[in-house]
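Participant: Chains A and B, in that order, give the protein sequences.
With the numbering used here applied, the first sequence closes on residue 888, and no number is skipped along the way.
With the numbering used here applied, the second sequence closes on residue 998, and no number is skipped along the way.
Ideal placement from N, C-alpha and C gives every residue a C-beta, glycine not left out.
The structure's right below; bear with me while I get my questions together.
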Amino acid sequence: MSLWLGLRARLRSLLHRSSTDDRMKEEMQMHLEFEAERLVASGVEPAEARRQARIAFGVAESYKEEMRAQRRMPYAEAFYRDVRYALRALARDRTFAMVAVGTLALGIGAATVIYSVVNGIVLRDLPVTQAENVAVLWQAPSLGADEHLPVSYADLQAYRGSTRAFSALAGVAFQGAVDVVMLSGAEALPLAVTWVSGDFFPLLGIAPARGRVLRPDDDAPGSEPVTVISHATWVNRFGSDAAILDRTLQLDGRLHRIVGVLPRGFAFPQNVDVWLPVLPSYPATLETSADPSQVMVFDLVGRLTDSVQPEAARAEFDAFLRARETERPAAMRGMRAVLTTLPERIHGEIRTALLAATAVVIVLLLIACLNVANLLLIRGSIRTQELAVRSALGAGRARIVRQLLTESFVLATCGGVLGVILAAVGVRMIFSLAPPNLPQREMIALDGGVLLGTLMITMLAALLSGLLPALLSARGDLSLWLRSGRASPPGAVLRLLRPALVVGQVAMALLVVICTGLFVRSLRSMQQLDMGFDATQLTVVETMLPAGTIAERERMVLLQEDAISRVATLQGVSTVTAMPKPPFSAQGGWIAPFSGESQTDAQFAANPVVNLEVVGTRYFETLGIPILRGRPFTDADREGSEPVAIVSRSIAHRAWPGENPIGKRIKLGPPAGRGAWHTVVGETGETRYRELLTSQSNYYLPTRQFAGPVPLSFAVRTHREAIVPIASIRSALAQAHPELRVVSSGSMVERLAAPLAGPRFTAALFTTFAIITLLLAVVGVYGASSASVRDRRRELGIRMALGATATQITASVLRQCAQIALIGCVLGVALTWATSQLLRNLIIGVSTTDAATYTAVTGFVLVAAVVAGYVPARRAGRVDPMAVMRGE
Amino acid sequence: MSPQNHADARGSLDLLVLKTLSLAPLHGWGIGQRLEQLSAGALEVSQGSLYPALQRLEHAGAITSEWRVTDNNRRARYYSVTAAGRRALATETASWKRFAMAMDVVLRAT
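Quick look at the structure:
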């Protein structure tokens, strides 16, 4: 207590030294006046009274000195003096200070931004009890592709009965299907929905932010339909409505009461907004899936029994799958179990990207520190005179090192403060640029933990940049300057260190710029993928009708056709069609296995699962998908006429290799299944309609020959140059039916941009890094080159006196600079070559050792380095030999 | 004078100042006057030595100070005892009394 008070008083007096001193003087002065007045009042002469007062007081100066001594904090005072001295010194050399502070601010700012992202996403614990003990399970074909195949609800219940490896087991629908939810009495909202078994939340140990989580008794046939929503959905879609628990969501025709809001930062499966219990709420969409317990859409989530290793648990599930094979359709036999831990499942993908970004900011910070170290070295050689004087006046080496280090700390602190300001801007930019599927993005913030990290980074930067220059500058031989009036030539360490720093900088700059080049080229190649359809001049409007508005399918079909014909009459519209879901609405489509006429069960089992599209008549014309053989659907393909299908080339090739598919028959499901045979009337090309990176096999059916839901999304192709306002499409749709609500609308080109949000973000992030790194490296080369010219001034002067021309001198300096840069480039290429393998999952369509990128970047960096060295080299050519000879 | 004795002398001056201030807030000169008055002239300290003592006590949190206006409209720094100061005064007084008694006993034992 009193220690603290004493310290506080000392600190206060340190900061207000003069005011404390003034107070002391004033107080003593008052004292003398009071005493003198007392004496005068008792009859003493005023002059004599003042003399006696001073005698009674004693030696004022010695008391003052005693008081000052009581207040003193020797170390802090020295530090304070050093800081003030450093500030003065930096103020004298503003250019140096600005470059150094700016450099450090860029490094520290970039590190802070990335640290805040890593801290928010990877380092923060999931709001799940012992998340590392939670495993996620699914199945994959034993041979071949790395497919992710879910299991059925019935599998979950059977496995739950037999497992020993898991103490609890729950199911969650793989890939929350994006579905449309209608808010009661409000606009329709597209929300991502998933279904979970009743013990899913209790197993994870989730504490709700509001209300409750789903419980086992919610997941029973016939129980009241309830739902929980994510924290982000509550905040962003419901405006943090305090009365959220009284609201309902309408989904698939039924009202679901919201019973809880999940904790902040929880989203599993990723990007899901709404969780529903399976048995009361799973929709029976396709006729084949009337019994929800047989639908294979579930991943299992299990809590590992204590001391059971994940691999042992996987083996147990593997054995279970094998035992169940006899009950499965042929297509689902020969499966192996796949297991991953929950943190890996949630963060696995983003981790590589963040790791790469972290590595880059470390490199960036290192370059910034090297740069400042270099600048400090140069400054050290300029300041030889000043340091020599201080040393001659009795400052020890340790004292000088401490003073120089203080200067680095002052620089780093200024850089840190500026860096945090830059980081605040950077984090905001990350928010606006980050792809929406970044897990836990709401947890990214510049909070206390991050600022503490920044403080550590700053101190580290001060040490990294300052220690070596301080030690070298305070090297023993300062007295040489006093004797000779010349700066001592740089020592061997310094002569080797300076080019080494430049080599390091160039190498790291090359690493970052090449990686950026790869990311940009990868993005470019993704943008240039052939989509299989023509996205220009297309507008997409997704609508829905409140459940129960129209019951009969026939009337729904009429509504769809009415809507199409109304939009088709709008000015500028070329063709209109209907489809189930717009492209890239995440997982909204339907997939199904198929069997071609004359295929055996074994061949059926080997067929891929294909994308099923139920479409309007002018679908192919509107989307610009080429019909390779046969014909598109017509209005004649309706109820009662021959059932027809159009398939993409890969399906035709799989079912009837080398034959013309037109006229052949094909069906959904196994050859002997319940599905009806469709006659193939057309063959089309493949599209990238549901996923960007893999082109899909498509199986098309006409709306009128399909028993399932009637598609209510519309694609509108406009005439070239024509602009059809979305508002007019909306009003045309409203005329078709006043209850028809628009869920989303926009151009197809905009929709295509969505799946590229991630790669675009990475490319933008790395481009920023690359610009900063390159800038720093150029400053570094310039600095080192200037220093070397200064050190060699005498040598250059003598050479010129002996007949060397300015051009020769400039060329020789430039050659030296180019040599150093070249070594850096070679090292950088080798470094990148060795490490870029780590990026192979993030780079698509380009090799991580792409020769063109490497060559172009190396050339560019080399030129930049030589240009940076040109200014000092020209200065070298202007050295005045006479001045050098005179010893100036 | 050994450092130990010096510390004792300082300690007793601090105690006397604290005691004086416990009666009423005073400025530096006033403390000197009051001390002389209370000890009936028996204790006479060099007036300037009060100031290092006041600063020590203030740093220790035993007293606080503020500028005030005196009765005849002069600006002076007034010191007053804090709660911590009163507690310190109680313990210091007790230990001083024990010390004085012990001295007394020893000196009488001849």
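Please check the pair R964(B) and M30(A), which I expect to be a contact at CB under 8 Å, by giving their CB distance rounded to whole angstroms.
Facilitator: Residue identity differs from the one stated: residue 964(B) is Ala in this sequence, not Arg. Going by Cβ atoms, the distance from A964(B) to M30(A) rounds to 5 Å, so yes, they are a contact pair.
Participant: Is F594(A) helix, strand or coil by DSSP?
Facilitator: In the structure shown, F594(A) sits in a strand (DSSP, three-state: E or B).
Participant: At which residues does the beta strand (DSSP E) containing N611(A) begin and terminate?
Facilitator: Note, N611(A): beta strand (DSSP E), V610 to V615.
Participant: Using a beta-carbon distance below 7 Å, is R996(B) in contact with chain A?
Facilitator: No - not a single Cβ of chain A is within 7 Å of the one on R996(B).
Participant: Between Y63(A) and chain B, is any beta-carbon pair separated by less than 7 Å?
Facilitator: With 7 Å as the cut-off, Y63(A) counts as an interface residue toward chain B.
Participant: Using a beta-carbon distance below 7 Å, is Y939(B) in contact with chain A?
Facilitator: By this cut-off, Y939(B) is an interface position.
Participant: Under 9 Å, CB to CB, which of the residues in the stretch 910–926 of chain B have a partner in chain E?
Facilitator: The structure shown contains no chain E; the protein chains it does contain are A and B.
Participant: Determine the burial state of P738(A): buried for a count of at least 16 other Cβ atoms within 10 Å of its Cβ, exposed for fewer.
Facilitator: When all chains shown are included, P738(A) counts as exposed.
Participant: Taking only beta-carbon positions, decide if F57(A) is within less than 7 Å of chain B.
Facilitator: True, the Cβ-Cβ gap to chain B drops below 7 Å.
Participant: Could you list which residues in chain B have their beta carbon closer than 7 Å to that of F34(A), in chain order?
Facilitator: Ordered by position in chain B, the residues that pass the 7 Å Cβ test against F34(A) are W917.
Participant: Is there a C-beta anywhere in chain B that falls below 7 Å from the one on A76(A)?
Facilitator: So, not an interface residue.
Participant: Tell me M296(A)'s beta-bridge partners as DSSP assigns them.
Facilitator: S152(A), per the DSSP bridge assignment.
Participant: Taking the alpha helix (DSSP H) that W195(A) falls in, what are its first and last residues?
Facilitator: From DSSP, W195(A) is part of no alpha helix (DSSP H) but of the beta strand (DSSP E) over A188 to V196.
Participant: Do we get a CB-CB distance below 7 Å when we pair G929(B) with the residues of chain A?
Facilitator: G929(B) does not count as touching chain A.
Participant: Classify L901(B) as helix, strand or coil using the three-state DSSP reduction.
Facilitator: It is helical.
Participant: Looking at the strands, I want to know which residues DSSP matches up with T539(A).
Facilitator: Note: T539(A) sits in a beta bridge opposite V716(A) and S747(A).
Participant: By Cβ distance, which residues of its chain are closer than 7 Å to V866(A), with the 5 residues on each side in sequence left out?
Facilitator: These residues qualify, in order along the chain: L814, C817, A818 and A821.
Participant: In the structure shown, what three-state DSSP assignment does G176(A) receive?
Facilitator: In this predicted model, G176(A) has a pLDDT of only 48, less than 50, meaning its place in the structure is not dependable; the value taken from the coordinates is given anyway. G176(A): coil per DSSP, three-state reduction.
Participant: Sorted by chain position, which residues of the same chain lie with C-beta nearer than 8 Å to R794(A)'s C-beta, five sequence neighbours on each side aside?
Facilitator: Here the set comprises V884.
Participant: Closest to A851(A) by C-alpha separation, out of G869(A), L838(A), T832(A) and A868(A), would be which residue?
Facilitator: Selected option, being the one with the closest Cα: T832(A).
Participant: If we call anything under 7 Å between Cβ atoms a contact, is S648(A) one with T684(A)?
Facilitator: Yes, they are a contact pair.
Participant: Give a yes or no on whether 7 Å exceeds the smallest Cβ distance from G973(B) to chain A.
Facilitator: No, G973(B) lies away from the interface with chain A (no Cβ there is under 7 Å from its Cβ).
Participant: Count Cβ pairs between the stretch 521–529 of chain A and the stretch 767–778 of chain A that sit closer than 8 Å; are there 3 or more?
Facilitator: No: fewer than three Cβ pairs fall under 8 Å.
Participant: With a Cβ-Cβ cutoff of 7 Å, do L692(A) and P755(A) count as a contact?
Facilitator: Yes, the pair counts as a contact, with Cβ atoms nearer than the cut-off.
Participant: Can you give me the C-alpha to C-alpha distance between L405(A) and L364(A), rounded to a whole angstrom?
Facilitator: Computed Cα separation, rounded: 22 Å.
Participant: Can you look up Y966(B) in the DSSP assignment and give me helix, strand or coil?
Facilitator: Y966(B): strand per DSSP, three-state reduction.
Participant: Among all the DSSP beta bridges, which residues are the ones paired with S648(A)?
Facilitator: T684(A), per the DSSP bridge assignment.
Participant: Measure from the C-beta of S983(B) to each C-beta in chain A and report whether the shortest distance is under 7 Å.
Facilitator: Closer than 7 Å: no.
Participant: Count the other C-beta atoms from every protein chain shown that fall within 10 angstroms of the C-beta of D933(A), then say buried if there are 16 or more, exposed otherwise.
Facilitator: Not covered by the structure: residue 933(A). The range shown for chain A is 1 to 888.
Participant: Using the C-alpha atoms, what's the distance from L245(A) back to V134(A)?
Facilitator: Going from the Cα of V134(A) to the Cα of L245(A) covers about 29 Å.
Participant: With DSSP run on the structure shown, which of helix, strand or coil describes G453(A)?
Facilitator: Looking at G453(A) - three-state DSSP - the assignment turns out to be helix.
Participant: Under a CB-based cut-off of 7 Å, is A60(A) close to chain B?
Facilitator: Yes - at least one Cβ of chain B is within 7 Å of the one on A60(A).
Participant: Run through chain B and tell me which residues come within less than 7 Å of M67(A), C-beta to C-beta.
Facilitator: What M67(A) touches in chain B: Y939, P940 and Q943.
Participant: Report the neighbours of S934(B) on chain A: residues whose CB is nearer than 8 Å to its CB, in chain order.
Facilitator: The contacting residues are A56, F57 and G58.
Participant: So which residues of chain A does R956(B) contact, with C-beta pairs closer than 9 Å?
Facilitator: Within chain A, no residue comes near R956(B); the closest Cβ sits about 12 Å away, beyond 9 Å.
Participant: What would DSSP say about S641(A), mapped onto helix, strand or coil?
Facilitator: Here S641(A) sits in coil by DSSP.
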